[in-house]
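From first to last, the protein sequence lines stand for chains A and B. Position 46, counted from 1, in the first sequence is what my numbering calls 46; the numbers after and before it change by one each time, with no gaps. Position 17, counted from 1, in the second sequence is what my numbering calls 17; the numbers after and before it change by one each time, with no gaps. For each residue, glycine too, the CB sits at the ideal point set by N, CA and C. Quantities reported herein were computed from a predicted structural model and do not represent experimental measurements.
Protein chains: 2
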Amino acid sequence: MLQLESQSLAQEMPQSTKTAVMIIGGAEDKVHGREILHTFFSRAGAADAAIAIIPSASREPAVIGERYQHIFEEMGAKEIQILDIRDRDAGNDPQWQEYLNRCTGVFMTGGDQLRLCGLLADTLVMETVRQRTLEGKITLAGTSAGAAVMGYQMIAGGGSGESPNRSLVDLTTGLGIVSDVIVDQHFHNRNRMARLISAIASHPQCIGIGIDEDTCAMVEGDGLIQVMGKGTVTILDPGELTHTNEPNVGATEPLSVFNLRLHVLCHGDRYDMRSRKVISPES
Amino acid sequence: MLQLESQSLAQEMPQSTKTAVMIIGGAEDKVHGREILHTFFSRAGAADAAIAIIPSASREPAVIGERYQHIFEEMGAKEIQILDIRDRDAGNDPQWQEYLNRCTGVFMTGGDQLRLCGLLADTLVMETVRQRTLEGKITLAGTSAGAAVMGYQMIAGGGSGESPNRSLVDLTTGLGIVSDVIVDQHFHNRNRMARLISAIASHPQCIGIGIDEDTCAMVEGDGLIQVMGKGTVTILDPGELTHTNEPNVGATEPLSVFNLRLHVLCHGDRYDMRSRKVISPES
Chain A
1 MLQLESQSLA QEMPQSTKTA VMIIGGAEDK VHGREILHTF FSRAGAADAA
51 IAIIPSASRE PAVIGERYQH IFEEMGAKEI QILDIRDRDA GNDPQWQEYL
101 NRCTGVFMTG GDQLRLCGLL ADTLVMETVR QRTLEGKITL AGTSAGAAVM
151 GYQMIAGGGS GESPNRSLVD LTTGLGIVSD VIVDQHFHNR NRMARLISAI
201 ASHPQCIGIG IDEDTCAMVE GDGLIQVMGK GTVTILDPGE LTHTNEPNVG
251 ATEPLSVFNL RLHVLCHGDR YDMRSRKVIS PES
Chain B
1 MLQLESQSLA QEMPQSTKTA VMIIGGAEDK VHGREILHTF FSRAGAADAA
51 IAIIPSASRE PAVIGERYQH IFEEMGAKEI QILDIRDRDA GNDPQWQEYL
101 NRCTGVFMTG GDQLRLCGLL ADTLVMETVR QRTLEGKITL AGTSAGAAVM
151 GYQMIAGGGS GESPNRSLVD LTTGLGIVSD VIVDQHFHNR NRMARLISAI
201 ASHPQCIGIG IDEDTCAMVE GDGLIQVMGK GTVTILDPGE LTHTNEPNVG
251 ATEPLSVFNL RLHVLCHGDR YDMRSRKVIS PES
């Protein structure tokens with residue numbers, strides 16, 4: 001079935017220099033084409049990029065921070081700083097402000113999203129990053145745990161291999177960079193459909209975004225998601241939801257969830273979060 | 001969110017003596033409540049049931065056949081025969097006809113769906129079972145491999161842990177008991193959403209039915225699915241599909257699939273395959 005609804009749009013692909021929020025499903029290619037990381041580098045200003053790496057989700061922040069530092073150095077970034085923040089005092093230290101106020105890209109590594117939020121939520125560093133992201137002044141990327149924190153509702157953890165149910169997902173508060181989404185990563189790779197459905201059933205005002213490994217949902221200021229990378233981005237839109245049953249939080253009984261809309265998007269596909277519609281690739 | 005669209009229907013729950021096709025997601029409870037197996041027993045006539053067990057999907061047909069025999073004996077079935085068919089000649093042997101023409105329930109065990117179809121598709125035995133099922137004269141149940149064969153399009157095997165793509169699923173011809181469905185089993189348990197999406201993208205005339213373990217989609221003659229058991233039945237309805245990309249069969253590039261409708265149904269929920277609508281449980 002070839003594009004039943006052929007939408008050859010006149011719209012151009014988004015300008016590659018526009019800032020964006022890049023939500024990466026983890027395990028992005030760091031060795032070969034490095035498409036996603038290179039796009040981050042480009043959108044952060046390419047040769048003019050001043051990049052801040054936040055490795056705080058990781059328990060080995062020095063190692064992982066340096067790994068990304070070398071990658072962006074090799075690409076030719078003008079300046080790179082690793083914000084190796086290991087406690088909340090450091091997150092509130094004004095020493096980072098000068099750099100954050102002139103940097104053009106911030107990259108949050110993988111690790112544990114609870115650790116990342118625990119160290120950085122509501123700190124001076126994160127508020128500055130958040131503010132400058134919302135103003136469109138920097139490109140903010142996060143991979144794996146760094147992706148999970150992007151919504152206001154955040155999946156802190158959960159299980160897999162079970163039917164959708166309330167106890168399958170632990171929800172808490174994320175950084176709220178992109179409103180009204182719940183992000184999950186390593187999505188089809190780690191059997192996370194059931195937990196994202198479970199999360200959306202609890203928060204049907206949110207769109208569920210499941211991102212596969214080496215895949216990126218790039219969000220621009222106007223709410224347009226563009227997909228890049230090797231896998232797919234799964235959109236769960238509960239806009240027409242007609243029913244969920246309502247077990248208690250933490251209950252293991254299975255959920256009823258009727259009339260979700262499901263889109264599987266691959267490289268080049270775009271989704272408009274405002275209209276909740278997919279935009280076909282130009283044919 | 002409690003039943004946004006409250007549908008308190010006057011319809012009665014289906015009569016428990018009506019024949020049905022019971023598609024079971026594997027690993028059904030054989031020890032405790034045995035709800036699904038007991039429902040099969042009831043719908044096959046309870047104390048008047050004459051049951052045929054087809055263990056041909058299994059490489060240990062004698063062992064698995066006897067296991068179900070003991071269960072249905074214990075429940076009180078009047079008569080049970082194991083059709084231990086191990087080659088196509090046996091499947092065409094008229095010796096089974098007398099029993100098949102008076103039996104009231106047929107149970108197909110788990111194992112390998114390709115083996116089951118290879119031994120039985122288009123044989124005298126299977127044509128008799130099929131015909132009497134379509135006439136509503138017997139209740140036909142299949143679990144795991146025995147469930148996979150129910151559609152005309154059958155998932156023979158596939159992978160998991162990847163983005164939806166053509167090479168993720170091997171499709172072949174099943175027994176075609178229930179038209180226009182593609183069944184997958186052990187569904188959320190074994191991360192099979194991506195392969196069912198991949199299958200449906202190739203056959204958008206079919207509804208995808210993903211059945212979790214110890215869960216049953218019971219289909220009545222009028223196309224009504226009723227869910228029972230511990231987990232969920234996932235319906236993937238491509239009726240409003242607007243786009244799929246079209247990689248070659250076997251290609252590993254990810255799929256685009258827009259505008260699937262997704263329902264997660266649990267115990268007591270019903271779905272009408274003709275109208276493609278969920279019927280809420282009576283509230």
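Counting only the Cα atoms, B:V181 lies some 5 Å from B:G151.
Annotation: Cβ neighbours of A:S163 in chain B (cutoff 7 Å, chain order): H188, D212, G231, T232. Beta-bridge partners assigned by DSSP to B:H203: none are found. Secondary structure of A:Y68 (DSSP, three-state): helix.
Using a Cβ-Cβ distance cut-off of 8 Å, the region 40 to 58 of chain B and the region 115 to 122 of chain B are in contact, since at least three pairs of beta carbons, one from each stretch, lie closer than that value. By a beta-carbon distance limit of 8 Å, B:L119 contacts B:G91. Their separation comes to about 6 Å. Each residue's CA atom was taken as its position, placing B:G268 and B:I23 some 15 Å apart.
Here A:A62 is not near A:I51, since their CB atoms are 8 Å or more apart. Taking a contact as a CB-CB distance under 8 Å, the pair A:V278 and A:Y271 counts as one, their CB atoms being some 5 Å apart. Counting along the chain, the unbroken beta strand (DSSP E) around A:V106 starts and ends at 105 to 108. For B:I23, there is no enclosing alpha helix (DSSP H); the residue is found in the beta strand (DSSP E) stretching over 21 to 24. When the beta-carbon positions are compared, B:L241 and B:P204 come within less than 8 Å of each other.
Collapsing the DSSP output to three states places A:A156 in a strand. When C-beta distances to chain A are compared with 9 Å, the residues of the region 245 to 256 of chain B below that value are N245, E246, E253, P254, L255, S256, in chain order.
A Cβ-Cβ distance of about 10 Å is found for the pair B:V183 and B:V219, leaving them out of contact under the 8 Å criterion. Within its own chain, the residues whose Cβ lies closer than 7 Å to the Cβ of B:T123, once the five positions on either side in sequence are excluded, are R88, G91, N92, listed in chain order. By alpha-carbon distance to B:Q153, the top candidate from B:M108, B:H70, B:S256, B:I207 is B:I207.
The bridge partners DSSP lists for B:G210 are B:D184, B:T234. Listed in chain order, the non-local C-beta contacts of B:M126 below 6 Å within the same chain comprise L120, local neighbours out to five positions each way being set aside. Contact between the region 236 to 250 of chain A and the region 211 to 228 of chain B is absent: fewer than three C-beta pairs spanning the two stretches fall below 8 Å. A straight line joining the alpha-carbon of A:T232 with that of A:L100 spans about 32 Å. In the three-state scheme derived from DSSP, where H, G and I count as helix and E and B as strand, B:M75 is classed as helix. As computed with DSSP, A:H243 is found in a beta bridge with A:F258. If you look at B:I36, you'll find it in the alpha helix (DSSP H) that goes 35 to 43. Interface flag for A:C103 against chain B is unset, since no Cβ pair is found closer than 8 Å.
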